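Presented below is the structure to which this report refers.
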Amino acid sequence: MDQNPQSHGYNGTDGRYRVVQWGTGGVGVHALRAVLDHPDLVLAGVRVHDPAKAGVDAGALCGWGGVTGVAATTEVDEILALGADCVLYLPRLFDVEDVCRLLVAGVNVVTTHGDLRHPGTVDPAVCARVEAACWFGGASILSTGFAPGFVTETLPVALSSIQRRIDRMSIEESVDLTHPGTSRLLLETMGFGAAAAPFDRQRLAHAAQTFGPSLRLVADAVRLPLDAFDVAGEVAVAEHDVPLGCTTLAAGTVAAQRITISGRGGGRVPLRLRSTWYCTTALRQAWPVRETGWHVAIGGETPIEMDLRHPGDPGGLSVMSPRYAANRAVNAVSYLCAAPPGIRTALDLPPLTANLG
897 MDQNPQSHGY NGTDGRYRVV QWGTGGVGVH ALRAVLDHPD LVLAGVRVHD
947 PAKAGVDAGA LCGWGGVTGV AATTEVDEIL ALGADCVLYL PRLFDVEDVC
997 RLLVAGVNVV TTHGDLRHPG TVDPAVCARV EAACWFGGAS ILSTGFAPGF
1047 VTETLPVALS SIQRRIDRMS IEESVDLTHP GTSRLLLETM GFGAAAAPFD
1097 RQRLAHAAQT FGPSLRLVAD AVRLPLDAFD VAGEVAVAEH DVPLGCTTLA
1147 AGTVAAQRIT ISGRGGGRVP LRLRSTWYCT TALRQAWPVR ETGWHVAIGG
1197 ETPIEMDLRH PGDPGGLSVM SPRYAANRAV NAVSYLCAAP PGIRTALDLP
1247 PLTANLG
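Counting the sequence shown from 1 gives a position; my numbering is that position plus 896.
See the structure below:
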């Protein structure tokens, strides 16, 4: 099936897709700015939740530096009345009621929420409802993003294209928390500086929910049979006192932690994702610690490894990360608008490219 947006033509009256930005938070504000600068898209509307933002011009909301003539609204009915081609759905929480209203109205939806990333792991009742809304309105929905998303789906699948046998596939995320932007509240919330204790089960469940569907997509793409996923959390303690800008972690207290999600199948673990957050490399446990970034490795007939790192100060990654997710979502709009109705995944669309014209 041809899913090249260039071959389907554009739906907008001036040759561009008409897009609504839903949510102007950490990711949404960057997506809004990207839509305004994208040659294939035109901003049709903005949905906000804060009444103080209602009536404010879109350009002012994202620091675009100009007047767009598009004022934000808190009213869903006003958004539906626009008849847009696509909504960039980036609020803080995913609301299936609102999403289904958009789909029934024939509006495609691109979101960075992972609720529909892998339909096979979604509550069957929710999945059926969303699919029905898609087919009724002739619209599609896509969950995308950066990590999870590009790093945990697109890159591993692309690297698999040079394989004929995969013995193991691993994705490692590393986050150095020693940069000036790290807050004491964040560290304390995550348990840094405390005595070593059993890992928070709620955080393990959240990690499985966040990354599990992404790993399932990879397994599906390469036809890798998996029986189950195991999730484990570990902590490591500091060898010495660790002075940080906002606090000091005492020697012997938690200074690093990691969560590992392992896909089991056929008596082995061929797929694994590990996320490590640390405040020092001087740990009493012998943990290998990488620089902030991601490491994707495939072992097999043609082994290969790839590192992704933010080129500047590691602290700048927290500022840049929302842009990675936002730009990925914006670049997916024209592809999703050309796709058939239904819940779409990264495996259903061709490789996304950026139109920089």
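Glycine included, every Cβ here is placed at the ideal spot set by N, Cα and C. Just so it is clear, the structure is predicted and the values come from calculations on it, not from any experiment.
Legend entry - Proximal residues to THR1249 (C-beta, below 8 Å), its chain only, five neighbours per side dropped: Once the five neighbours on either side are set aside, the close Cβ partners of THR1249 are ASN1227.
Inset, instruction - Just tell me which of VAL1026, GLN917, GLU974 has its CA closest to the CA of GLY1238. - result: Scanning VAL1026, GLN917, GLU974 for the CA closest to the CA of GLY1238 turns up VAL1026.
Inset, instruction - Determine, using beta carbons only, whether THR1143 and LEU1083 come nearer to each other than 9 Å. - result: Contact: yes.
Legend entry - Meets three-Cβ-pair contact criterion under 8 Å: the region 1009-1024 and the region 1105-1120: Flag = yes, the region 1009-1024 and the region 1105-1120 touch.
Legend entry - Closest by C-alpha distance to GLY919, when choosing among THR969, VAL963, TRP960: Out of THR969, VAL963, TRP960, THR969 has the C-alpha closest to the C-alpha of GLY919.
Legend entry - Counted within 10 angstroms of its Cβ, other Cβ atoms place THR1008 as buried (16 or more) or exposed: Taking every protein chain shown into account, the CB of THR1008 has 16 or more other CB atoms within 10 angstroms, so this residue is buried.
Inset, instruction - Taking 8 Å as the threshold, find out whether the region 1126-1146 comes into contact with the region 1074-1090 through three or more Cβ pairs. - result: Touching, yes.
Inset, instruction - Taking all protein chains shown into account, decide if GLY1253 is buried (16 or more other Cβ within 10 angstroms of its Cβ) or exposed. - result: Counting C-beta atoms within 10 angstroms of its own C-beta, GLY1253 has fewer than 16 neighbours from the protein chains shown and is therefore classed as exposed.
Legend entry - chain B within 9 Å of GLY1108, Cβ atoms only: Reference to chain B is not applicable here, since this structure consists of a single protein chain.
Inset, instruction - For LEU1073, count neighbouring C-beta atoms within 10 Å of its own C-beta (all shown protein chains included) and say buried if the count is 16 or more, exposed if not. - result: Result: buried.
Legend entry - Neighbourhood of ALA1092 by C-beta distance below 7 Å, restricted to the same chain and skipping five residues each side: The residues VAL1131, VAL1133, VAL1150, in chain order, have a CB closer than 7 Å to that of ALA1092 in the same chain once the five nearest residues on each side in sequence are set aside.
Legend entry - Buried or exposed by the 16-neighbour rule on C-beta atoms within 10 Å, applied to LEU1243: By the neighbour-count rule (16 or more Cβ atoms within 10 Å), LEU1243 is not buried but exposed.
Legend entry - Three-way DSSP call (helix, strand, coil) for GLY1253 in this model: Correct three-state label for GLY1253: coil.
Legend entry - Buried versus exposed, by CB contacts within 10 Å (16 or more), THR1085: THR1085 is exposed by the Cβ-count criterion.
Inset, instruction - Give a yes or no on whether the C-beta atoms belonging to ALA1222 and LEU998 are separated by under 9 Å. - result: Taking the C-beta atoms as reference points, LEU998 is found no nearer than 9 Å to ALA1222.
Legend entry - Coil, strand or helix - CYS1142 by DSSP: In this structure, CYS1142 counts as coil in the three-state DSSP scheme.
Inset, instruction - Return yes when the C-beta of HIS1075 is under 8 Å from any heavy atom of the ligand FAD, and no when it is not. - result: Annotation note on the ligand FAD: not contained in the displayed structure, which lists no ligands.
Inset, instruction - Evaluate VAL983 with the Cβ neighbour count: other Cβ atoms within 10 Å of its Cβ, from every protein chain shown; 16 or more gives buried, anything less gives exposed. - result: So VAL983 ends up on the buried side.
Legend entry - Span separating the alpha-carbon of ASP1126 from that of GLN1105: Going from the Cα of ASP1126 to the Cα of GLN1105 covers about 12 Å.
Inset, instruction - From the DSSP output, in three-state form, read off GLY1212 for me. - result: It is helical.
Inset, instruction - Return yes when the Cβ of VAL1165 is within less than 9 Å of the Cβ of ARG1064, no when it is not. - result: The answer is yes: Cβ separation under 9 Å.
Inset, instruction - Could you please give me the residues that DSSP links to TRP1173 through a beta bridge? - result: DSSP, once it has assigned bridges, lists VAL1071, GLN1153 as partnering TRP1173.
Legend entry - Cβ pair TRP1173, VAL1071 closer than 9 Å: Between TRP1173 and VAL1071, the C-beta spacing is below 9 Å.
Inset, instruction - Whole angstroms is fine: what's the gap from ILE1157's alpha carbon to TRP1031's? - result: Approximately 34 Å between the Cα atoms of the pair.
Inset, instruction - Go ahead and label ALA1235 buried or exposed: buried means 16 or more other beta carbons lie within 10 angstroms of its beta carbon, across all protein chains shown. - result: Buried.
Legend entry - Selection from ASP1011, VAL931, ILE1155 that minimises the alpha carbon distance to VAL966: Relative to VAL966, the option among ASP1011, VAL931, ILE1155 whose CA is nearest is VAL931.
Inset, instruction - Just the C-alpha distance for ASP1203 and ALA1182, rounded to the nearest angstrom, thanks. - result: Their backbone Cα atoms lie some 22 Å apart in a straight line.
Inset, instruction - Take PRO1218 as the anchor and find which of VAL1185, GLY1089, LEU928 has the nearest alpha-carbon. - result: Selected option, being the one with the closest Cα: LEU928.
Inset, instruction - For THR1188, count neighbouring C-beta atoms within 10 Å of its own C-beta (all shown protein chains included) and say buried if the count is 16 or more, exposed if not. - result: With 16 or more Cβ atoms within 10 Å of its Cβ, THR1188 is classed as buried.
Legend entry - TRP960 in three-state terms, based on DSSP: In the three-state DSSP reduction, TRP960 falls in the coil class, being neither helix nor strand.
Legend entry - Where the alpha helix (DSSP H) through TRP1031 begins and ends: Run containing TRP1031: 1020-1033, per the alpha helix (DSSP H) assignment.
Inset, instruction - Report the rounded CA-to-CA distance for LYS949 versus ALA980, giving the unit in angstroms. - result: Rounded to the nearest angstrom, the gap between the Cα atoms of LYS949 and ALA980 is 21 Å.
Inset, instruction - Return the Cβ separation of VAL1192 and ILE1067 in integer angstroms, given the expectation that the two are a contact with Cβ distance under 8 Å. - result: Between ILE1067 and VAL1192 the Cβ distance is about 5 Å, and since that is below 8 Å, they are a contact.
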